[in-house]
Amino acid sequence: MPVIYVQTTGSQQVGFGNAQPIPGLSLTLPEGVGESALVILNVPNPNTYNEGTQYASGGWFGISVDGTTLPTVASFSYAIERNTQGAGRFPTTLVVAVPLAGKPQTVVALWRSLGMSLYIDTPASLSALI
9 MPVIYVQTTG SQQVGFGNAQ PIPGLSLTLP EGVGESALVI LNVPNPNTYN
59 EGTQYASGGW FGISVDGTTL PTVASFSYAI ERNTQGAGRF PTTLVVAVPL
109 AGKPQTVVAL WRSLGMSLYI DTPASLSALI
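Numbering-wise, my numbering comes out as the position in the sequence shown, counting from 1, plus 8.
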C-alpha cells in the first residue's frame with residue numbers, strides 16, 4: 009500500500025475568516041479509477057489564543073480536492089471566563105476517503121480560527137494511503 013506524506017515545518021498562524029491552505033500541507037493523488045485514497049490530516053498540537061476575560065475560541069480544519077472543499081470537517085471550540093489571557097491546545101485529526109479519478113488530484117489541508125488566532129508550533133501532517 010503506497011503512502012504519500014508531507015508535514016509542516018516551523019510555526020504558522022491563521023486568523024478568523026475564510027479557510028486558508030495550511031502552508032506545506034498539499035499532496036497529489038495519482039490516477040486510479042475505481043480506487044480510493046484514505047487521506048489523513050493530523051494536527052496534534054494546535055494552539056488557539058484570545059485576549060480578554062470572556063471569549064469563545066477554537067479551530068476548524070478541512071480538506072479540499074482540486075479546489076473543492078469536502079463536506080467532512082474537524083473542529084473544536086470552547087467558551088471560558090477567566091481573569092487572564094487564554095490559550096488551549098486540542099489535538100485534531102480528520103480522516104476522509106477520496107475516490108481516485110482518471111487524472112491526478114491535488115489535495116490541500118485547510119484551516120481557520122474560530123477566535124482571534126490559531127497557531128501550530130509543532131509539525132502537522134497530511135498523508136494518503138492508496
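Glycine residues also receive a C-beta, built at the ideal position from the N, C-alpha and C atoms.
- Here the alpha carbon of Y13 sits roughly 15 Å from the alpha carbon of V104.
- Judged by DSSP in its simplified three-state form, P29 adopts strand.
- The three-state secondary structure of T77, taken from DSSP, is strand.
- For L137, same chain residues with a beta-carbon under 7 Å away, outside a window of 5 residues either side, are M9, V11, A45 and L46 in chain order.
- Here I12 is bridged, per DSSP, to A136.
- One thing to note: S19 has its Cβ within 8 Å of the Cβ of I128.
- L108 is bridged by DSSP to nothing; it lacks a bridge partner.
- Rounded to whole angstroms, the gap between the alpha carbons of I30 and L108 is 22 Å.
- In the three-state reduction of the DSSP assignment, G42 falls in the coil class.
- For Q15, the closest alpha carbon among the candidates L78, P52 and G75 is that of P52.
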